[in-house]
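In this text, residue positions in the sequence shown follow this note's numbering: the first is 17, and each later residue adds one. Backbone N, C-alpha and C fix where the C-beta goes; we use that ideal spot for every residue, glycine too.
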Amino acid sequence: MWRSLLKQASNTHKSKFVPESCTSSLSSSSSTGFCQTSAFINKFRPSKAINHGFSGCPILGFRENYVFPSQKDCLGRFGFSHSGNPLFFSGKFWNFKGYASAAEAIVSNEDDLSGSEEINELVEAMIKEERKESFSKQPKIMVGGLGVAKYNTLKRRQIKIETEAWEEAAKEYQELIADMCEQKLAPNLPYVKSLFLGWFEPLRDSIAAEQEVCKGNFKISHAAYFNELSADMMAVVTMHKLMGLLMTNTAGTGGIRVVQAACQIGEAIENEARIQKFLEKTKKKSTTDKKSATESEPETTEQGKLAKNEEKLRKKVTQLMKKQKVHQVREIVKGRDTSKPWGQEAHVKVGCRLIQLLMENAYIQPPVDQIGDGPPDIRPAFVHALKNVIKDGNRGSRRYGVIECDPLVRKGLEKTAKHMVIPYMPMLVPPQNWTGYDQGAYLFLPSYVMRTHGAKQQRETVKRTPRKQLEPVFEALDTLGNTKWRINRRILGVVDRLWANGGRLADLVDREDVPLPEEPDTEDETEIRKWKWKVKAVKKENNERHSQRCDVELKLAVARKMKDEVGFYYPHNLDFRGRAYPMHPYLNHLGSDLCRGVLEFAEGRPLGKSGLRWLKIHLANLYAGGVDKLSYEGRVEFTESHLDDIFDSADRPLEGKRWWLSAEDPFQCLAACINLSEALRSCTPEATISHMPVHQDGSCNGLQHYAALGRDKLGAAAVNLVAGDKPADVYSGIAARVLDIMKRDAQEDPATNPNALHARLLINQVDRKLVKQTVMTSVYGVTYVGARDQIKRRLKERGAIADDTQLFVASCYAARTTLTALGEMFQAARSIMGWLGECAKVIASENQPVRWVTPLGLPVVQPYRQLGRHLIKTSLQMLTLQRETDKVMVKRQRTAFPPNFVHSLDGSHMMMTAVACKKAGLNFAGVHDSYWTHACDVDEMNRILREKFVELYEAPILENLLESFQKAFPSWNFPPLPERGDFDLREVLESPYFFN
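This is the structure:
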C-alpha cells in the first residue's frame, strides 16, 4: 500500500498545497481501521509546539470542508475525497498543531517506524515535496533590489574586479608568454597589446633584480617600498598606468610630465600593495605553519595568548570574508595595519625608478610592411626629455621633465583602451553606504568622500566633523550612488557603426589627421613664416584630435564592457565645495552627449499620460536650436509635427533621412526618437515602458541662486523664478541689451569714440550664442580676460573677422559691453558678489582661509595657499614637488569665494532634492543644475525641487554666514549685509519654467 502511495507521490504534480487552519478536525471515522485512540496514531501527537512560520497549520493543504480534489493525488500533495477513499485518516491523526508538516511528525517518531522501508521512502518523498512548497511560499529576500543569490554572485565579481584586475592582467601576459614558448609562434594580438606582451617579461625581470638589490640596502632612496608588491604586478601597473596617462593627456602631445606620471604610478603601486596585504591577512594559516608551530619550542603564556588572539582574529576575518561582510573586514584590517602612508615623496621615487626601468626595457620597431630593405629600426618606445614652457604671459619660462612616447606608440594609443586596466569601473552592486571620510563607495579600492587634491586643512576638517552632522550629505551621496543604470544597446550599436566609419558625424571627432601643408617652393620669408604658422596650427589640431579619439575609445571601451550587465551603479563623492560627482571618470552621466546617449535607467516605468507628454517635451529640448525656448505646448507641437522624421530616425538611423543628426544633442535625441516611436506605435502608448532619463534644467542656475539670495524681483523674472507664458531667456535679454549699447556707439564719430568702428563691425554678430558663455560664467567670477577669450572663440568659429589683430580688439570691446549689460540687469547679484568678495578679503588679509558650512552641514575650507617648492632627487631626475605653505593667496581667496559659495548652495539644493525624491519612490540622477528622473515622475520631481529650493532660501543664509564669520573672528570688522528686495520666494512654486 505504502509503495503504491509513494509511486503516486512521485508521479503526480497537479494539486498544490494551500496553508489551512488546523482548528477543525477531520472526520472521526475511516475505513483504514485507525480509530482516534489507536496507538499508531498517538505516536504522532506533539509534545510541544514548533513555530512553523505560517498562520494556522500548513499541513497538506486540506480545504476547510476536507473534501479533497482528487483520488489520484498522493500523500506528498494530499488530495483525497472524503467519501469512497480507503485511506482517510481520522481527525486527530492530522491534528499536528506543533509540527510544520506531517513529514516532520513522522520523522519525529522514526525510532518506532525505522523497520518499515516503505514508510521511510514515503517520508523522504514527503519531506522533499514540503521543502519545495515551503520555499516557494517564503517571501523573497532582496538586497539592493536583487535576490540574495544574484546579489552575492555580483558581489563576488565586484570584489574580483577591484582586487584582482592587475593580477589578472599579469597572469594573462604570463600565459601568453608560455604559449609563445610552447608553440614557438607569436600570438595574433592587437598592436598595442603585443607591445605590452613584449615589454612585460624584460620589465618584470628587471624589477625582480632591482628588488633583490633593494633588500637590506636602505641607502637606495626607493628601497624601503620596492618589495611591497610582486615584480609581475609592478610591471603591469607601470605599463598600463603610463599608457593610460598618455591617453588621457588633454594636450594630446604624446608626452606626460615626469612628476605627474611618477606620482600616479607610485600611488597605484601603494594602493595595490595595500589591497594584496589586506587579502593576505584574511587567509588562514597554511598547514605547514600549523605544523611548524606544533614542532617549535613551548611558548610562554603571553606568547600563547597573543598567538590565540591572532588565530581568533584570522578566523573571524575569514568568516566575514565568506559572508562578504566587506565593511567589517576593512575595519578590522585597517585597525591592524601599522604601516604608514607612503607619502608623495615615496610615490615619486618609486614611480621614477619604475619609469626608468620601463624605458630601459621597452623597445619598438615599425610593422613588417613598413620596414625597408635596411636593418630593422629598433628604438626605445619612451624617451625622457627636458622642455621649456613659457608662463605668465612671456614673463618667464620653466624647464621640466617629460616622458614622451614614440610616434608609433602614440598612434597605437587610440586603439589601446580595450586593453587597459581601468580600476574604478562602475559597480555591479550598490556602493557601500558612506559612513566616514574614507569609509564607503567601493568595497576595496581606496574611496574618499571628498576630492581634496592634497589640501590638508580641508581633509582634516572633514575628518573631524561629527558623523551626525554629515549624515544628510552621506544620505544624498548614497541616493545618487544607488541609482541603477544600464547601456542602451541600440544607441551603442549606432555609435560603433559611426566610429568604425571614421567618426565625423554626431559630434564625433574625425579619426583621420589633417594633412600637413606642403612647404612652399620660395625663399620669401613672409610666405615661409605663414607656412610655419599653418604647420603649427595643423599640428595643434591633430594633437587635439588625438586626445579626443583616445577619450572616445575609453568611453566606448567601458560601454562595451558593461553592455551585457543587467545594471550597474556609479559611486559618488564630492569636490571641496559640496558638488557631487561620479567616481568613475570616463563613461558617466556628467559626460558628453555620447555618454548620456548610451546610458539609461536600468529600471523601466510605464509612461502614463503625463510621461508621454514629457517625453515629447524632452525630445524637443534635446533637438534645441531655439525649440527649447518655446512654451511647453510649443515644444509638444514641434515634436508632433516631426513624427515622420522621428519614426524614420528610429527605424533607419543611418540609412534614412538622419533628421536626428541635426539635433544639438544627437545621440540623446536618437534615444528619445526610439522610445517615443515605440510608445506611439503601441496600441496603449501610455503603458509603454520607458528607461529614458528626462531632464529638467535650471535657467542660468547661478543667477537663480543670486536672485533668491537677494530677493531680487528684476533678476528673478529674468531667470524664471516667477511664472510666465513661456520661458524667459536671460541670454537673449543680455544680447538685446548689448545690441542697444552697440547701436548707440555705432552712431558716434570714430574720431572721438574709437568704439564706433568696433560697434559697426560687431553689430550683425550679436546674438544669444555670442554672450551665453560669458553670462553663464559671470556669476562664477569670470574676469574681463576670460570674457574676452570666450567671445573671441565664438567670433573665430564664425569666421566673421579674418584679421587677428582686429579680432582681438573687437573681442575686447564686446567683452566690456557684455559685462556692462550684466551689471545693469543683475544689480542685486553684483552687490552680493561684491559683499562676499569683501568678506573674503578681510579674512584672507589676516592669512586665514575662507571657511563656511553648507546648509547640509558640510564644512568647506578654500584650499588656495601659496605653494612652496621641495626638491627631490630620484633615479631619473631632480623633481620639484609643490607643497602647501602656511601663507594663503589673498587675491585667489577673494575672487574664488563668490562662485564657490554659490556652488555649495546649488550642490545643497541638488542633494536635498535627491533625498526627497528617494523618499517619494523616484529614481533620481543629478548633474549639478540638471535633475533627471523617469518621464512618468517628472511632475512629482518638479514639485519636490521647487519645494526644496524655497526651503533652502527661507533660511537666513547670508545672515548665518556673517554670524559665523563674526563668531570665528570677533575682533575683525566685516561689511554690512547688502540691501535686498521684496521678492516672494513662494512664487517659485508656481513657476512652470523655473527648471524646464
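### Query
Run through DSSP, which three-state label would CYS952 get?
helix
### Message
I'd like the list of long-range same chain contacts for HIS925, defined as Cβ closer than 7 Å, with 5 residues on each side in sequence excluded.
### Response
Cβ neighbours of HIS925 beyond the five flanking positions: LYS964, PHE965, LEU968.
### Message
What would DSSP say about THR833, mapped onto helix, strand or coil?
### Response
helix
### Message
Judging by CA-CA distance, which residue of LEU402, ALA739, VAL866 is the nearest neighbour of ASN1001?
### Response
Per the sequence shown, residue 1001 should be read as Leu rather than Asn. Nearest option by C-alpha distance: ALA739.
### Query
How do the stretch 485-503 and the stretch 438-454 stand: do at least 3 beta-carbon pairs fall below 8 Å, yes or no?
yes
### Message
Report the CB separation of ASP681 from ASP609 in whole angstroms; it is logged as a contact under 8 Å.
### Response
The Cβ separation is near 4 Å, so the contact holds.
#### Entry: Cβ-based burial, ILE272 [other Cβ within 10 Å; buried from 16]
buried
#### Entry: Buried/exposed call for PHE112, threshold 16 Cβ in 10 Å
A caution first: PHE112 carries a pLDDT of 36, below 50, which makes its placement in the model too unreliable to give a value.
### Query
If you compare alpha carbons, which of PHE990, LEU993, PRO972, ARG959 is closest to VAL1004?
ARG959
### As assigned by DSSP and simplified to three states, the class of GLN712
strand
### Query
Leaving out five residues before and five after CYS699 in sequence, what residues of the same chain have Cβ atoms less than 8 Å from its Cβ?
none
#### Entry: Identity of the residue in ARG545, ARG561, GLY519, ARG505 nearest PRO531 by Cα
ARG561
### Query
Of the choices TYR416, VAL465, LYS257, whose alpha-carbon is the least far from that of ILE371?
LYS257
### Task
Could you tell me if ARG220 is buried or exposed, where buried requires 16 or more neighbouring beta carbons within 10 angstroms of its beta carbon?
buried
### Task
Can you tell me the Cβ-Cβ gap for ALA679 and LEU631, rounded? I've got them flagged as a contact below 8 Å.
The pair is not a contact, with the Cβ atoms about 15 Å apart (cut-off 8 Å).
### Task
Please state whether DSSP places PHE104 in a helix, a strand or coil.
For PHE104, the predicted structure reports a pLDDT of 38, less than 50, and the residue's modelled location is therefore unreliable. A value from the coordinates is still provided. Collapsing the DSSP output to three states places PHE104 in coil.
### Task
Would you kindly check if the distance between the Cβ of VAL164 and the Cβ of LEU895 is under 7 Å?
no
### Query
Does the beta-carbon distance from GLY884 to THR870 come in below 7 Å?
no
#### Entry: Three-state secondary structure assigned by DSSP to LEU921
helix
### Query
To the nearest angstrom, how far is it from the Cα of SER71 to the Cα of ILE157?
At SER71, the pLDDT of 38 sits below 50, so the modelled position is not reliable; the number obtained from the coordinates is stated separately. C-alpha separation (whole angstroms): 20 Å.
### the stretch 944-955 contacting the stretch 705-717, beta-carbon criterion three pairs below 8 Å
yes
### Task
Determine the burial state of TYR1021: buried for a count of at least 16 other Cβ atoms within 10 Å of its Cβ, exposed for fewer.
Since the displayed the chain opens at 17 and closes at 1012, residue 1021 lies outside it and no answer follows.
### Message
Measuring straight from C-alpha to C-alpha, what distance separates GLN455 and PHE490?
### Response
As the crow flies, the alpha-carbon of GLN455 is around 11 Å from that of PHE490.
### Query
Cα separation between SER86 and GLY161?
Residue confidence is low: SER86 scores 39 on pLDDT, short of 50, so the model does not pin down where it sits. Its coordinate-derived value is still stated next. Taking the straight line from one Cα to the other gives about 40 Å.
### Message
My output table needs one value for ILE394: the three-state DSSP class, helix, strand or coil.
### Response
coil
#### Entry: Supposed close pair LEU635, ALA688 - CB separation, criterion 8 Å
About 4 Å separates the two Cβ atoms, so the contact holds.
### Task
Identify which residue in HIS721, PRO915, ARG962 has its Cα closest to the Cα of ALA930.
ARG962
### Coil, strand or helix - ARG867 by DSSP
strand
### Message
If I follow the unbroken alpha helix (DSSP H) through ASP609, where does it start and stop?
### Response
609-614
#### Entry: Same chain only: Cβ atoms within 6 Å of GLU557, ignoring 5 sequence neighbours per side
VAL530
### Task
Whole angstroms is fine: what's the gap from ARG996's alpha carbon to ARG475's?
35 Å
### Task
For the alpha helix (DSSP H) containing VAL252, list its first residue and its last residue.
247-264
### Query
Buried or exposed: which applies to GLN878, given that a residue is buried once 16 or more other Cβ atoms fall within 10 Å of its Cβ?
buried
### Query
Between the C-alpha atoms of PRO1008 and PRO972, what's the straight-line distance to the nearest angstrom?
25 Å
### Query
If you run the structure through DSSP and keep just helix, strand and coil, what is CYS699?
coil
### Length of the line joining the Cα atoms of LEU374 and MET255
8 Å
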